[in-house]
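Scroll down for the structure; my scribbles are underneath it.
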Amino acid sequence: MKNRITSLFNINYPIIQAGMIWNSGWRLASAASNAGILGLIGAGSMYPDVLRDHIKKCKAATDKPFGVNVPMLYPNIDEIMDIIVEEGVKIVFTSAGNPKTWTGWLQEKGITVVHVVSSVKFALKAQDAGVDAVVAEGFEAGGHNGRDETTTLTLIPMVKEQLEIPLIAAGGIATGRAMLACMVLGADGVQVGSRFVASEEASSHLAFKQAVVNAKEGDTHLTLKELAPVRLLKNKFYQDIQDLYKTAPSTEQLKELLGRARAKRGMFEGDLNEGELEIGQISGLINDIKPVADIVSDMMNEYENAKANIDNLF
Numbered sequence: 001m002k003n004r005i006t007s008l009f010n011i012n013y014p015i016i017q018a019g020m021i022w023n024s025g026w027r028l029a030s031a032a033s034n035a036g037i038l039g040l041i042g043a044g045s046m047y048p049d050v051l052r053d054h055i056k057k058c059k060a061a062t063d064k065p066f067g068v069n070v071p072m073l074y075p076n077i078d079e080i081m082d083i084i085v086e087e088g089v090k091i092v093f094t095s096a097g098n099p100k101t102w103t104g105w106l107q108e109k110g111i112t113v114v115h116v117v118s119s120v121k122f123a124l125k126a127q128d129a130g131v132d133a134v135v136a137e138g139f140e141a142g143g144h145n146g147r148d149e150t151t152t153l154t155l156i157p158m159v160k161e162q163l164e165i166p167l168i169a170a171g172g173i174a175t176g177r178a179m180l181a182c183m184v185l186g187a188d189g190v191q192v193g194s195r196f197v198a199s200e201e202a203s204s205h206l207a208f209k210q211a212v213v214n215a216k217e218g219d220t221h222l223t224l225k226e227l228a229p230v231r232l233l234k235n236k237f238y239q240d241i242q243d244l245y246k247t248a249p250s251t252e253q254l255k256e257l258l259g260r261a262r263a264k265r266g267m268f269e270g271d272l273n274e275g276e277l278e279i280g281q282i283s284g285l286i287n288d289i290k291p292v293a294d295i296v297s298d299m300m301n302e303y304e305n306a307k308a309n310i311d312n313l314f
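Position 219 of the sequence shown, counted from 1, bears residue number 219 in the working numbering, the numbering being contiguous throughout.
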């Protein structure tokens, strides 16, 4: 399958495995790349030396293209970017920051740069900054999200209408049918996160993976907008947040409740009560834990079948 995204990344299928904190280590990224899509290492949960180790192991596990997702809000961002260049990574997805800060510097070193946004305004700013492609992520997505709560179905055609560079859709995509729908709306490819959390190769704890499989409609909610909006699976920690909101808390009180390492505690260590469990609304459609290669195969088969049967809808 050839289009602007498969050509940009030299991959077989226009699917990107999202770089999710505590889920996207080298095993997931290399398995995704070996399955014909673009695998991403999630640098957001890694100290610089840990990131270097994951990059080295990923290079040893695949000869296919892979990239690193870098949230730009971390204090050691300079060291992270230096490691990416030193280790010869050729694709970087940036998020949570101004794309002008690093895009030109990375591109001068031969690196393809993609920026993640949640609105038309920021998609155009990313394009003006010179990025090679944009990920437009709808409100359905897991993890940190946009404050405007624009859904993928609405966001993608609005961004497409004004964007000239390749567009990748994200948020609520876990099936081939959803992939086809996004591409009909104007996306050149899709980024998939939650479905790959429930994969054998994800670095997240098995208890968290099983919680994703068990999730039903309505089991996630976007919260903590005063800090950084995040979609969470409802658990005791989530309920503690809601109880605190009833007291009209200050930002400092919310920060105190959140504390440190909540996401690691929940997703990586498997504390389903006190941990922060980041996952998308589409978790209600995820019913099993399986190898990445099978997930990709299922998605592409469903995509092709849905495309072939479109005429039967009318």
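Note that the Cβ used here is the ideal one computed from N, Cα and C, for glycine as well. Quick caveat: nothing in here was measured; it's all calculated off a predicted structure.
Item	Value
Determine the burial state of Asn3: buried for a count of at least 16 other Cβ atoms within 10 Å of its Cβ, exposed for fewer.	exposed
May I ask you to report which of helix, strand or coil DSSP gives Gly275?	coil
For Asn69, list the residues DSSP reports as bridge partners.	Gly42 and Phe93
Could you tell me whether the region 185-197 touches the region 163-177, where touching means 3 or more Cβ pairs closer than 8 Å?	yes
Lys290 bridges to which residues according to DSSP?	Ser199
Can you tell me which of Gly39, Thr62 and Glu87 puts its alpha carbon nearest to the alpha carbon of Asn69?	Gly39
Quick one: using the 10 Å Cβ neighbour count with 16 as the cut-off for buried, is Thr220 buried or exposed?	buried
Just how far apart, CA to CA, sit Thr101 and Glu302?	39 Å
What ranges does the alpha helix (DSSP H) occupy inside the region 189-263, keeping only unbroken runs of at least 4 residues that lie completely in it?	194-197, 206-214, 236-245 and 251-258
List the whole-angstrom C-beta distance separating Ala29 from Cys58, where the pair is believed to meet the contact cut-off of C-beta under 8 Å.	5 Å
Spatial neighbours of Lys90 within its chain, please: CB distance less than 8 Å, with the 5 preceding and 5 following residues excluded, ordered by chain position.	Pro65, Gly67, Gly110, Ile111 and Thr112
Going by DSSP, name the residue or residues bridged to Ile168.	Val135 and Gly189
Got a sec? Which residues, its chain only, sit under 7 Å from Glu140 by beta carbon, not counting five neighbours each side?	Thr151, Thr152, Gly171, Gly172, Gly280, Gln281 and Ile282
Considering Cα atoms alone, identify which of Trp26, Arg177 and Val120 is closest to Ser45.	Trp26
Just to check my reading of the structure: Gly194 and Met267 have Cβ atoms closer than 8 Å, yes? What is that Cβ distance to the nearest angstrom?	Rather than Gly, the amino acid found at residue 194 in this sequence is Ser. Rounded, the Cβ-Cβ distance is 12 Å, inconsistent with contact.
Taking the CB atoms as reference points, tell me whether Ala293 and Ala31 lie closer together than 9 Å.	yes
Relative to the alpha-carbon of Asp148, which residue among Ala228, Asp240, Met179 and Asp311 has its alpha-carbon at the smallest distance?	Ala228
Please report how far the alpha carbon of Ala61 lies from the alpha carbon of Glu161, in whole angstroms.	39 Å
Extract the residue ranges of the beta strand (DSSP E) inside the region 2-28, only unbroken runs of 3 or more that lie entirely within it.	15-17
Nearest CA to the CA of Ile21: which residue from Gly176, Ile41, Asn10 and Ile5?	Ile41
Which value, in whole angstroms, describes the spacing of the CA atoms of Ile241 and Asn312?	47 Å
Where DSSP assigns a beta bridge to Gly143, which residues make up the other side?	Arg231
Identify which residue in Gly130, Ile15, Asp82 and Arg177 has its Cα closest to the Cα of Tyr47.	Asp82
Using a 10 Å radius around the Cβ and a threshold of 16 neighbouring Cβ atoms, would you call Leu224 buried or exposed?	buried
Helix, strand or coil: which one does DSSP assign to Thr112?	strand
Please return the same chain residues whose Cβ sits closer than 8 Å to the Cβ of Ser297, not counting the five positions on each side in sequence.	Ala35
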